[in-house]
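> Next up is a structure, given as structure tokens.
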Amino acid sequence: MNQTAILFLEFGAVLLGLGVLGALALRVGVSPIPLYLIAGLAFGTGGILPLTTSKEFVSVGAQLGVILVMLPLGLEYTADELVTSLKGNSRAGIVDVVVNAAPGAVCALLLGWGPVAAVAMAGVTYATSSSITARILSDLGWIGNRETPVVLSLLVFEELAMAIYLPILTAMLAGLSFLGGALTVGIALATVSVVLLVALRGGRLIQVFMARPNPEVLVLKMVGLALLVAGVAQQLHVSAAVGAFLVGIVLSGKLAEDAQALLIPMRDLFAAMFFVFFGLQTDPATIGPVAGLAALLALVSMVTKLVTGAYAARRAGIARAGRVRAGMALIPRGEFNIVIAGLAVTAGAHPDLGPVAAAYVLILAAFGPLAARLVQPLITAIAKRA
Amino acid sequence: MEVEQTALPGIGLRHEFSTRYGRRIGVVSHRAGGRDLVIYDPGDPDRACETVKLNDVEADALAELLGAPRIVQRLNDLHREVEGLVSLQLPIAPGSPYAGRAMGEARVRTRTGASIVAVVRAGQVFASPAPGFPLAAGDVVVVVGSPDGTGAAADIIANG
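Heads up: the protein sequence lines correspond to chains A and B, in order.
Going by this note's numbering, the first residue of the first sequence is number 2, and it counts up by one from there.
Going by this note's numbering, the first residue of the second sequence is number 54, and it counts up by one from there.
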């Protein structure tokens with residue numbers, strides 16, 4: 002058969018399958034991310050249905066996927082919101098970092114994966130999936146709840162933390178000498194500051210450049226700019242993902258809203274490829290031996306997120322039931338965590354890191370929304386009995 | 054009454070307050086448009102037990118329903134407070150000489166000293182209408198002034 006025909010057949014079947022799986026997932030109220038990962042495992046080396054021809058294609062798609070996942074993540078919050086959260090919420094935000102980065106870091110150190118892997122694993126257990134959490138809040142009608150601002154401001158803080166963390170991680174993964182690493186981190190931190198400053202003060206110039214005569218042109222300009230910056234970032238060892246993320250932060254206001262609406266369908270397509278590709282890279286046989294470890298890590302970090310949410314909500318004067326909900330909403334992990342694990346795997350971290358991260362995200366992306374769904378009936382039942 | 058305003062990063066704004074009878078209600082204004090009317094659980098005041106999603110048109114309609122009768126009510130309160138001030142609601146009958154003409158042509162204020170402060174049409178209130186505002190049969194004109202002035206205004210609206 003013709004190569005192109007095989008490519009289209011394979012790729013089409015994969016996408017169609019993902020669509021069906023995704024529809025199923027949404028019907029039962031679960032995030033489709035774990036299903037994409039499972040699909041990737043099934044199609045990868047050692048899976049049930051290994052792909053032959055379209056693997057290359059999916060790999061390119063996945064790289065674009067990282068950029069298209071990170072750009073809307075940056076667009077989510079305005080620079081004002083980022084700075085406000087830094088001022089008002091830093092205490093809860095720092096508790097979030099310390100308590101939730103610890104399980105991953107400690108786990109990596111105990112297993113002797115080395116300090117760089119520890120930094121990567123810290124990121125894997127730290128970041129909550131803002132997209133899954135946002136979906137939980139809206140699906141369960143929690144947006145009006147009084148603990149919701151607490152949850153959202155923690156997510157905003159995490160986004161800011163990621164803007165600083167990702168460049169540092171990529172510098173460490175690149176194995177640069179101390180001087181080179183310090184230089185890269187310095188460049189990265191300076192870039193982040195400049196980006197925030199531009200977004201806060203001089204955003205107008207970019208807004209004027211990006212001003213949209215029509216949606217087509219806006220999509221081209223937006224993705225073009227993100228790819229360009231991502232390329233420059235990659236060249237400076239700051240990772241393409243970070244570049245795209247920073248472009249998202251610079252753009253704000255009405256423009257960001259329009260862009261987000263336009264980018265979401267594209268992101269959904271490429272993000273699916275990205276999750277599948279991460280699954281492809283992982284041999285299902287390697288997950289078995291680390292499944293227990295991943296489950297333990299998931300359990301521990303569920304507890305730490307619950308504690309974080311409860312602490313932050315208590316500080317905001319929320320009663321007990323609201324504190325539990327705040328913690329529950331923060332449990333899901335997803336895109337950031339896989340991006341981080343992906344960076345570490347590409348840089349040749351410990352071979353167990355990929356499978357552990359895959360299983361870990363699989364568990365928490367699936368279980369987080371379910372737990373949140375079940376918690377309210379439980380709270381109501383307890384309140385009735387009391 | 055104190056209305057509390059909270060920013061919801063990535064979503065929009067929330068306003069909430071407690072009613073005199075101890076229920077808490079709020080409105081979430083989404084950045085992308087649309088409003089959620091939120092009613093809090095009396096047993097768990099942090100939880101929205103009812104969330105009603107409204108699009109812009111529905112939110113406007115609700116605001117009008119809650120707001121329109123309030124203007125008339127406030128006028129009644131006003132004339133109770135200020136001695137000698139009367140407000141009247143004058144319907145424009147189909148035979149009125151001003152049905153289909155601009156409000157200013159009746160020259161109500163010049164002739165009577167009373168003022169037209171609002172026109173109510175199909176449940177919608179047009180507050181402080183301009184002289185060019187076209188009156189139509191079925192409208193209700195709200196006039197404020199002295200008892201004599203508003204009486205004279207009623208006569209003008211009915212008979213010219």
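Even glycine gets a Cβ: it sits at the ideal position worked out from N, Cα and C.
On a predicted model such as this, the values are computed, not experimentally measured, just so you know.
Drop a sphere of 10 angstroms on the beta-carbon of Val31(A), count the other beta-carbons inside from all chains shown, and report buried for 16 or more, exposed for fewer.
The residue is buried, with at least 16 neighbouring Cβ atoms inside 10 Å.
> Residues of chain A with CB under 8 Å from Ile210(B), in chain order?
Result: empty, since nearest Cβ-Cβ is about 46 Å, beyond 8 Å.
> Report the three-state DSSP secondary structure of Leu341(A) (helix, strand or coil).
First, the residue type needs correcting, since residue 341(A) is Ile and not Leu in the sequence shown. Helix at Ile341(A).
> Which partner residues of Arg88(B) appear in the DSSP bridge assignment?
In the DSSP output, where bridge partners are listed per residue, Arg88(B) has Ser82(B), Leu107(B).
> Can you say whether Leu379(A) is buried or exposed, counting buried as having 16 or more other CB atoms within 10 angstroms of its CB?
The residue in question, Leu379(A), is exposed, as its Cβ has fewer than 16 Cβ neighbours within 10 Å.
> Excluding sequence positions up to five away, which residues of its chain have a Cβ less than 8 Å from the Cβ of Ala342(A)?
The answer, listed in chain order, is Ala121, Val125, Phe279, Leu354, Gly355, Ala358, Ala359, Val362.
> Should Leu297(A) and Gly105(A) be called a contact, given that it needs their Cβ atoms to be closer than 9 Å?
Cβ atoms of Leu297(A) and Gly105(A): not closer than 9 Å.
> CA-CA distance, Val105(B) and Ala112(B)?
C-alpha separation (whole angstroms): 10 Å.
> Do Gly176(B) and Met156(B) come within 9 Å of each other at the CB atom, strictly closer than that value?
Not a contact, by the Cβ cut-off of 9 Å.
> Please report whether the beta-carbon of Val376(A) lies at a distance below 9 Å from any beta-carbon of chain B.
False, the Cβ-Cβ gap to chain B never drops below 9 Å.
> Taking the alpha helix (DSSP H) that Leu17(A) falls in, what are its first and last residues?
Per DSSP, Leu17(A) belongs to the alpha helix (DSSP H) from 4-28.
> Against chain A, which members of the segment 56-68 of chain B pass a CB distance test of less than 8 Å?
So the list reads Thr59, Ala60, Leu61, Pro62, Gly63, Ile64, Arg67, given in the order they occur along the chain.
> Rounded to whole angstroms, what's the CA-CA distance from Ser199(B) to Ala85(B)? Just pull it up for me.
Ser199(B) and Ala85(B): Cα-Cα distance of roughly 48 Å.
> Taking all protein chains shown into account, do 16 or more other C-beta atoms lie within 10 angstroms of the C-beta of Met303(A), making it buried, or fewer, making it exposed?
Buried: at least 16 other Cβ atoms inside 10 Å.
> For Pro150(B), which residues from the same chain have a beta carbon less than 8 Å from its beta carbon, with the 5 sequence-adjacent residues on both sides left out?
Excluding positions up to five away in sequence, the list reads Asn212, Gly213.
> Less than 6 Å between C-beta atoms, sequence neighbours within five positions excluded: which residues of the same chain meet that for Gly244(A)?
Here the set comprises Val230, Ala231, Ala234.
> If you draw a straight line from the alpha carbon of Gly349(A) to that of Ile319(A), how long is it in whole angstroms?
Each residue's alpha carbon lies about 44 Å from the other.
> Which same chain residues, not among the five before or five after Ala317(A), have their C-beta less than 6 Å away from its C-beta?
Contacts found: Val151.
> Between Ala112(B) and chain A, is any beta-carbon pair separated by less than 9 Å?
Chain A contact via Cβ: absent.
> Where in the segment 70-99 of chain A do unbroken runs of the alpha helix (DSSP H), each at least 4 residues long, occur, reported from the N-terminal end onward?
You should have 80-89.
> Quick one: grab the DSSP three-state call for Val239(A).
In this structure, Val239(A) counts as coil in the three-state DSSP scheme.
> Give a yes or no on whether the C-beta atoms belonging to Thr283(A) and Gly41(A) are separated by under 9 Å.
Yes. Within cutoff.
> Residues in the segment 108-136 of chain A with C-beta within 9 Å of chain B's C-beta atoms, listed in sequence order?
So the close ones are Ser131, Ala135.
> May I have the straight-line CA-CA distance separating Val56(B) from Ser71(B), to the nearest angstrom?
Rounded to the nearest angstrom, the two C-alpha atoms are 8 Å apart.
> Does chain C have any CB closer than 9 Å to the CB of Arg76(B)?
The chain labelled as chain C is not found among the protein chains of the depicted structure, namely A and B.
> Going by DSSP, which residues form a beta bridge with Leu61(B)?
Per DSSP, Gly65(B).
> Starting from Pro144(B) and walking both ways along the beta strand (DSSP E), at which residues does that stretch end?
Note, Pro144(B): beta strand (DSSP E), 139-144.
> Where does the unbroken beta strand (DSSP E) through Val170(B) begin, and where does it stop?
Start and end: 168-174.
> If you follow the beta strand (DSSP E) that Ala180(B) is in, where does it begin and where does it stop?
It spans 177-180 - the beta strand (DSSP E) in which Ala180(B) sits, taken as one unbroken run.
> Between Phe58(A), Leu52(A), Val70(A), Leu10(A), which lies nearest to Ala272(A) when the distance is taken from Cα to Cα?
Nearest C-alpha to Ala272(A): Val70(A).
> Taking its Cβ as the centre, do 16 or more other Cβ atoms sit within 10 Å of Met54(B), making it buried, or is it exposed?
Classification for Met54(B): exposed.
> What is the DSSP secondary structure of Gly232(A), counted as helix, strand or coil?
Reduced to three states, the DSSP call for Gly232(A) is helix.
> Decide if Lys306(A) is buried, meaning its Cβ has at least 16 other Cβ atoms within 10 Å, or exposed.
Burial call: buried.
> Between Ala373(A) and Ile34(A), is the Cβ-Cβ spacing less than 9 Å?
No; because the gap between Cβ atoms is not below 9 Å, this pair is not in contact.
> Give the residues of chain A in contact with Thr72(B), contact being defined as C-beta atoms less than 8 Å apart.
Residues of chain A passing the Cβ test: none, with the nearest at roughly 16 Å.
> Taking all protein chains shown into account, decide if Glu117(B) is buried (16 or more other Cβ within 10 angstroms of its Cβ) or exposed.
It counts as exposed.
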